[in-house]
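Written below as structure tokens is the structure these notes are about.
Numbering (the numbering used here), first residue to last: 63 to 162.
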């Protein structure tokens, strides 16, 4: 698996002084509707240990930092690219190559 980062994301990670990306599976279960989404973000330092020890996430080390992946089966392509999306003043991490 090859993990790539866009230059904008690398700049954002350097600015935040955080080089860990967390890929979290979020499930919203309502009586009428069930939604499962990937939530991808830069975790706080104390969150990283929680996901590694308690939730058994696995670490993939890259040239830029680390990616924490859930223990659940995901469809991961050979090439995964993380990028930065901006809307007004809000930034979020985009991803291609990982599906539920």
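For each residue, glycine too, the CB sits at the ideal point set by N, CA and C.
Query: Beta-carbon proximity check, residue 144 vs residue 87, cutoff 7 Å; Result: no
Query: Runs of beta strand (DSSP E) lying entirely within the stretch 66 to 150, each at least 3 residues, in chain order; Result: 82 to 91, 96 to 103, 120 to 123, 128 to 131 and 137 to 149
Query: DSSP three-state assignment for residue 162, whether helix, strand or coil; Result: coil
Query: Buried/exposed call for residue 75, threshold 16 Cβ in 10 Å; Result: buried
Query: At least 3 beta-carbon pairs within less than 8 Å: the stretch 153 to 160 vs the stretch 95 to 106; Result: yes
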